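Presented below is the structure to which this report refers.
Right, here's the structure in full:
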């Protein structure tokens, strides 16, 4: 099955420190990978995507993600965390299924940035 | 402003009483989908539509129906809601399915008692 896994339910980091939110994927063929963020009482917002090309992808709000084919990972990173980055983060994979297209999400990682 | 609009935002209903959650997008997107979000389970796809009059089941379609009569609208119908359908529901749209980002509505919190 085409899927992504987020091994951490919660990540805690102090403001100003670098942050990493982990995601690994299991996909046959070329993966189409995404990161979304969800703030309280809001829908999901797109952060960045990897389709092809450069393994380091830059996205919104200073976030970036590194596609690593040998480790089947797509970790989300930011050099210096802000308290306002505290939110729920979802990794997702898009693929062609037997009946069409599907977008599968990980279970989410709650990021808490403390002052 | 580009947006996906869901209504209602909050709904409490009783078991068996038919309800519809509306979803509308103003971006002329072809692809639309519905998800439910439950604690510890992340988002699971209920149904999706690749274009007008084309719909298909996602991972958890039981107990739900959808229709796509117009490009902009994609309502979610619960013919006979049950308590296990208590959840947070999101509608999403994207220009295409495979490699473009999805825009999400603000969510509908449904409670079935």
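Chains as they are written, first to last, in our numbering: chain Y, 1 to 115; chain C, 1 to 113. Glycine is no exception: its CB is placed at the ideal position from the N, C-alpha and C atoms. All values reported here derive from a predicted model rather than from experimental measurement.
### Query
What residues of chain Y sit near residue 2 (chain C), judged by a beta carbon separation below 9 Å?
Within 9 Å Cβ-Cβ: nothing; residue 2 (chain C) doesn't reach chain Y, min ~12 Å.
### Task
Report yes if the CB atom of residue 81 (chain Y) is closer than 8 Å to the CB atom of residue 16 (chain Y), and no otherwise.
yes
### Message
If I follow the unbroken beta strand (DSSP E) through residue 93 (chain C), where does it start and stop?
### Response
87-94
### Task
Indicate the three-state DSSP secondary structure (helix, strand or coil) for residue 42 (chain C) in the structure shown.
strand
### Nearest neighbour of residue 106 (chain C), chosen from C:48, C:23 and C:27 [CA to CA]
C:23
### Task
Could you check if residue 78 (chain Y) is buried or exposed, using at least 16 other CB atoms within 10 Å of its CB as the buried criterion?
buried
### Task
Sort C:65, C:112, C:102 and C:113 by Cα distance to residue 33 (chain Y) and report the nearest one.
C:102
### Message
Bridge partners for residue 25 (chain C) per DSSP, in chain order?
### Response
C:4
### Task
Measure the Cβ-Cβ separation of residue 31 (chain C) and residue 46 (chain C) and say whether it is below 8 Å.
no
### Query
Mind checking whether residue 11 (chain C) and residue 108 (chain C) have CB atoms under 8 Å apart?
yes
### Query
According to the Cβ coordinates, are residue 9 (chain C) and residue 89 (chain C) closer than 8 Å?
no
### Query
Are the CB atoms of residue 19 (chain C) and residue 83 (chain C) nearer to each other than 8 Å?
no
### Message
My output table needs one value for residue 89 (chain Y): the three-state DSSP class, helix, strand or coil.
### Response
strand
### Residue from C:29, C:62, C:16 and C:53 whose Cα sits closest to the Cα of residue 72 (chain C)
C:29
### Query
Within 10 angstroms of its Cβ, does residue 9 (chain Y) collect 16 or more other Cβ (buried), or is it exposed?
exposed
### Presumed contact (8 Å Cβ cut-off) between residue 27 (chain Y) and residue 11 (chain Y), rounded CB distance
Contact doesn't hold; Cβ gap of about 24 Å is too wide.
### Message
So for residue 51 (chain C), helix, strand or coil by DSSP?
### Response
strand
#### Entry: Unbroken beta strand (DSSP E) run spanning residue 21 (chain Y), endpoints
19-21
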